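Each remark here refers to the structure printed beneath this line.
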Amino acid sequence: MHFPAFDDFYQRILFLLPFAANLRSNEFDYKTPESWQVKYPQCGGPDQSPIAISRRKVIPINLHPLLFGLYDEPFDDLVTVRNTGHTVDFMVPATIYGVKPFVTGGLLRDCYEAEEVHFHWGSSGKKGSEHVINGRRHDLEMHIVHRNNKYLTLKEALNYSDGVTVLAVLFKVVRAGPMFYQPGLNEVFNSLLHLSDFNSSYTVPERFTLGSLLGNLDRGNFYTYKGSLTTPPCSPVVQWHVFAEVLRISDKELPKFFQLHDKWGNKLLKNFRPLQSQENRLIFHRQPFIPLQQEPLQELIWL
Ligand SMILES: [Zn+2]
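Just so you know, the sequence shown maps onto residues 1 to 303 in the UniProt record's numbering.
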């Protein structure tokens, strides 16, 4: 017996299956991060992030500073911040010069364009930075993801070991005191109140610069190592730059993250990956050049 409507139904299901599978591949949760590798084998592979960084184990390196191109030029478009269900993020627009901000210098051999900014946090009872520095986990971590501009898209860049660099900034909460100079960051924090629901988005009414997310951060003092994305597919293609200075934010800002919800309607909390093994990787510490103290003039005269 033949049921045309029934056949049609199954044909539609067969047609939609690949899309459904594709959608599922973007799904992961922070309750069972050890199972990510079942669907995403690279999550169980080498060179994974985040890691613990200890002052005693890092290698001081005499390195040129990072160069921040167009970081302090205004965007040519408004920024739209989204609740993705895993984090809060926004795509970096071009600056008024028609090109996105970029970084180069340091250990980087190429030019890396800023693509996307997102955050990792904990809960009211648990700190939620991903990287741990000198045994200390901090309240919040911001990632500015950059694509090597010799690759056309971020997706393409994930296939190459020099594909991505991420700048990581850690934050600690302090009781509201003086205002901190990080106006771009304040715009993002204020947008969180509009992003409570999964998939919601909010366009920030003010234009800002990417550099204003960093405030007065010491951009010359950072740890750098070879690692991975900290979310699936965990591609081990990231030159990490974790800034040594921990920026301060007001205790009024952090709880704005805690009222966000994921796609199941649960509170979106503790979206940080557990620490990964350092293996035999080297972690370098670059500090601003400190000139040697000059010989006292008197001694020179006696000589
Ligand atoms: Zn991240």
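Glycine included, every Cβ here is placed at the ideal spot set by N, Cα and C.
Small disclaimer: the values here were computed from a predicted structure and weren't measured.
For CYS111, three-class secondary structure by DSSP = CYS111: strand per DSSP, three-state reduction.
Proximity winner among PRO101, LEU254 and PRO41, relative to VAL92 (alpha-carbon distances) | Sorting PRO101, LEU254 and PRO41 by C-alpha distance to the C-alpha of VAL92 places PRO101 at the top.
On a CA-only basis, which of VAL246, TYR30 and CYS43 is nearest SER235? Give me that one, please.
-> The option with the nearest alpha carbon to SER235 is CYS43.
Can you tell me whether DSSP reads HIS86 as helix, strand or coil?
-> When DSSP states are grouped into helix, strand and coil, HIS86 belongs to the coil group.
Please indicate yes or no: does the CB of HIS143 lie closer than 7 Å to some heavy atom of ligand 1?
-> Within the cutoff, so yes.
Could you tell me which residues DSSP puts in a beta bridge with LEU167?
-> According to DSSP, which records beta bridges pairwise, LEU167 is partnered with ILE144 and HIS241.
Own chain residues within Cβ distance below 8 Å of GLY98, not counting five before or after = Closer than 8 Å at Cβ, skipping near neighbours: ASP76.
Going by DSSP, what residues sit across from ARG248 in a beta bridge?
-> Answer is LYS172, bridged to ARG248.
Sequence-distant residues of its chain with Cβ nearer than 6 Å to VAL117 (five each side left out) = Result list for VAL117: PHE90 and ILE144, in chain order.
Euclidean distance between Cα positions of LYS172 and SER250 = Cα atoms of LYS172 and SER250: separation of roughly 8 Å, rounded to the nearest angstrom.
Indicate whether the contact test is met: 3 or more Cβ pairs, each with one atom in the segment 200-218 and one in the segment 26-33, closer than 8 Å.
-> Using a C-beta cut-off of 8 Å, the segment 200-218 makes no contact with the segment 26-33, since fewer than three inter-stretch Cβ pairs fall below that distance.
Tell me, which residues are paired with TYR105 by DSSP?
-> One point to set straight first is that residue 105 is Gly, not Tyr, in the sequence displayed. According to DSSP, which records beta bridges pairwise, GLY105 is partnered with LEU66 and LEU108.
What do you get for ILE283, buried or exposed, if any count of 16 or more other CB atoms within 10 angstroms of its CB means buried?
-> By the 10 Å Cβ count, ILE283 comes out buried.
Looking at ARG281 and PRO50, is the spacing between their C-beta atoms short of 8 Å?
-> Against a cut-off of 8 Å, the Cβ pair of ARG281 and PRO50 comes out as no contact.
Looking at VAL188 and VAL81, is the spacing between their C-beta atoms short of 8 Å?
-> At the C-beta level, VAL81 and VAL188 come within 8 Å of one another.
Just grab the DSSP bridge partners of HIS131 for me.
-> None; HIS131 has no bridge partner.
Looking only at C-alpha atoms, which of LEU269, HIS194 and SER54 sits nearest to LEU275?
-> The shortest C-alpha separation from LEU275 is found at SER54.
Per-residue DSSP class, three states only, for PHE272 = Correct three-state label for PHE272: coil.
What is the DSSP secondary structure of GLY44, counted as helix, strand or coil?
-> Looking at GLY44 - three-state DSSP - the assignment turns out to be helix.
Within the present structure, is the beta-carbon of HIS194 separated from the nearest heavy atom of ligand 1 by less than 7 Å?
-> Answer for HIS194: no, Cβ out of range of ligand 1.
Quick one: using the 10 Å Cβ neighbour count with 16 as the cut-off for buried, is ILE59 buried or exposed?
-> Label assigned to ILE59: exposed.
Please report the Cβ distance between GLU279 and PRO46, rounded to the nearest whole angstrom; I am assuming they are in contact, meaning their Cβ atoms lie under 8 Å.
-> Right, their Cβ atoms sit about 6 Å apart.
Does ligand 1 have a heavy atom nearer than 7 Å to the CB of THR84?
-> Outside the cutoff, so no.
When you compare each of TYR112, TRP121, LEU66 and GLN287 to THR87 by their alpha carbons, which one comes out closest?
-> Considering only alpha carbons, the answer is TRP121.
Examine ligand 1 and report whether any of its heavy atoms sits within less than 7 Å of the Cβ of THR165.
-> No, the Cβ of THR165 stays beyond 7 Å of every heavy atom of ligand 1.
What is the DSSP secondary structure of ALA94, reduced to helix, strand or coil?
-> Reduced to three states, the DSSP call for ALA94 is coil.
Stretch pair the segment 150-164 + the segment 188-198: three plus CB contacts closer than 8 Å | Cβ pair count under 8 Å is below three, so no.
By Cβ distance, which residues of its chain are closer than 8 Å to GLU115, with the 5 residues on each side in sequence left out?
-> Closer than 8 Å at the Cβ level, and outside the excluded window around GLU115, lie MET91, VAL92, LYS100, VAL145, HIS146, ARG147 and LEU154.
Quick one: any contact between the segment 123-141 and the segment 59-71, if contact means 3 or more CB pairs under 8 Å?
-> The segment 123-141 makes no contact with the segment 59-71: fewer than 3 CB pairs, one atom from each, lie closer than 8 Å.
Take SER35 and list the residues in its own chain whose beta-carbon comes closer than 6 Å to its own, dropping the five residues that flank it on each side.
-> Hits under 6 Å: none found.
Report the option in ASN190, LEU260, PHE198 and GLY211 whose CA atom is closest to the CA atom of LYS252.
-> Considering only alpha carbons, the answer is ASN190.
Among LYS39, GLU130 and LEU213, which has the Cα closest to the Cα of LEU185?
-> Cα-wise, what sits closest to LEU185 is LEU213.
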